[in-house]
């Protein structure tokens, strides 16, 4: 059959989506050799929006109908006539064909063809399989969590009203501000156009001034969990009892994947109630879930790219990297748990170009002390300082930062006349090579594992990618094989100056894998 015949090469827009849609109707799409969306995304990751018209207009190609012209919109939305749709399809196919040569030429000029052909294009098949497979949900437990969290929220509202001495809408920032600053006369009042500010920074400052603050912060956390994750997940379960999240392959400017409908990459784990939500994700009866998580992959990538000998040595000796960093910053051998936590914040803050003020807020210290931490860090890990300065300088000169696999992130704000925009550009430039390279590495691992599982005709399935973590449903007869296969591939899919390390855990639900 034409669609499934690997020998018949196809040029498409959004191969992943096409594979998923066709699979629903029992068809396989094979032989895709060019995807206009992925090519455009690699060439300009800041401006695809996964929209065909946007993509082609970026290449000054305008002979394509708007979707609204084909389907209408709003109350007029309708299935178009075959003549109208045929014309739209022909124009779309013509655009793909005519832009293909130009895009491939540009990809090769930028040394990005391998990134396109060997990473993003095969990844579309992996993601399509993951979306089509979906993950099982324990609906009984999800309904139970709904009831329990709603009960907790209702109880919190009564307690907040009692502490305030008045009933009001706790979800309304305006009404909350009036209660906190007019009725209770709490400090740090900050007026905006719409009333008093009650953002998280203000509430953190007020935490020890009145017991109502802790209740309000807990209320906000639980309300977000309830509406976004519990009710959101309930509404996302399809008739097969599964959630089929949609992976956006051509969306982020860093090369990372994102997911929507629902977003399964952002399930909160900082709070007990958030971690409980992971329990609703379960395998088919008799199977187990396997979670394989890259340990500190971005720090390892940083050590490699910066050629920082102290970090490289520490990783190769399997040292606790945060304890080692603390020893360097504090100039002592015995490190407390607090000092280790502070060093950990510095380690990850450096990756994201965090300022002294940002670090001081995160670990609750004086900004001057935070500045000393960062200065000391760069003194002790001078290779990282040299690398970061070079990245920022190169990005300013070239207009983009680049990953190990030549993925570019264009950062025009680095040359802005506005200070705040330049600083944001600087942070993005420092982070892009590290986060983007880590994203590329896990994509390569996904492709290699997927290919090996297909080659061995395994029943186990890759279900989810949650940033640095891969989640598999493992058939009971393939447990030992899968544990070995996944670690072997993930730890050896690229050769760096430091080893990649993978932590694995297995359980009857996603909660048990942590």
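Numbering (the working numbering), first residue to last: 863 to 1376.
Every residue gets a Cβ at the ideal spot worked out from N, C-alpha and C, and that includes glycine.
Check: C-alpha gap between residue 1013 and residue 1019, whole angstroms; Outcome: 10 angstroms
Check: Segment contact flag, the region 1356-1373 with the region 1170-1183, C-beta cutoff 8 angstroms, min 3 pairs; Outcome: yes
Check: Cβ-based neighbour list, residue 1064, same chain, cut-off 7 angstroms, excluding 5 preceding and 5 following; Outcome: 1050 and 1052
Check: Simplified DSSP state of residue 1110, which is helix, strand or coil; Outcome: strand
Check: Proximal residues to residue 899 (C-beta, below 6 angstroms), its chain only, five neighbours per side dropped; Outcome: 875, 876 and 1112
Check: Residue 1298 vs residue 1269 beta-carbon contact at 7 angstroms; Outcome: yes
Check: First through last residue of the beta strand (DSSP E) which encompasses residue 1271; Outcome: 1270-1272
Check: Residue interval of the alpha helix (DSSP H) (run including residue 1212); Outcome: 1199-1213
Check: Cβ neighbours of residue 885 in the same chain (closer than 6 angstroms, five flanking residues each side left out); Outcome: 994
Check: Check whether residue 1243 and residue 1181 have beta carbons under 7 angstroms apart; Outcome: no
Check: Nearest neighbour of residue 1263, chosen from 1251, 1282 and 1294 [CA to CA]; Outcome: 1294
Check: Chain-order list of residues whose beta-carbon lies under 6 angstroms from that of residue 1007 (same chain, five-residue window excluded); Outcome: 1092
Check: Rounded straight-line distance, which links the Cα of residue 996 to that of residue 1370; Outcome: 16 angstroms
Check: Meets three-Cβ-pair contact criterion under 8 angstroms: the region 1319-1336 and the region 1181-1193; Outcome: no
Check: Same chain only: Cβ atoms within 8 angstroms of residue 1085, ignoring 5 sequence neighbours per side; Outcome: 1015 and 1033
Check: Simplified DSSP assignment, three categories, for residue 1299; Outcome: helix
Check: For residue 1026, the nearest candidate out of 1339, 1043 and 1225 (CA to CA); Outcome: 1043
Check: Inter-residue Cα distance where the pair is residue 1259 and residue 1291; Outcome: 12 angstroms
Check: Contact check, residue 1117 vs residue 1301, beta carbons under 7 angstroms; Outcome: yes
Check: Option in 1280, 1303 and 1166 with minimal Cα separation from residue 1245; Outcome: 1166
Check: Near the ligand ZN: residue 1331 beta-carbon under 6 angstroms from a heavy atom; Outcome: The model depicted lacks the ligand ZN and carries no ligand whatsoever.
Check: Same chain, Cβ closer than 7 angstroms to residue 920, neighbours up to 5 away in sequence not counted; Outcome: 902, 906 and 909
Check: For residue 1327, the nearest candidate out of 1309, 1030 and 1316 (CA to CA); Outcome: 1309
Check: Proximity of residue 1142 and residue 1003 at Cβ, strictly below 7 angstroms; Outcome: yes
Check: Neighbourhood of residue 1000 by C-beta distance below 6 angstroms, restricted to the same chain and skipping five residues each side; Outcome: 1142 and 1144
Check: Residue 1255 versus 1152, 1338, 1276 and 1115, residue with shortest Cα-Cα distance; Outcome: 1276
Check: Contact check, residue 1330 vs residue 1155, beta carbons under 7 angstroms; Outcome: yes
Check: Nearest neighbour of residue 1045, chosen from 1028, 1060 and 1057 [CA to CA]; Outcome: 1028
Check: Beta-carbon spacing of residue 1207, residue 1188 below 7 angstroms; Outcome: no
Check: Same chain, Cβ closer than 7 angstroms to residue 1217, neighbours up to 5 away in sequence not counted; Outcome: none
Check: Whole runs of the alpha helix (DSSP H) within the region 951-1003, excluding any shorter than 4 residues; Outcome: 983-995
Check: Proximity of residue 1083 and residue 1133 at Cβ, strictly below 7 angstroms; Outcome: yes
Check: Residue 1108 vs residue 1098 beta-carbon contact at 7 angstroms; Outcome: no
Check: Backbone secondary structure at residue 1056 - three-state DSSP; Outcome: coil
Check: Cα-Cα separation between residue 1366 and residue 1231, rounded to whole angstroms; Outcome: 37 angstroms
Check: Euclidean distance between Cα positions of residue 1128 and residue 945; Outcome: 43 angstroms
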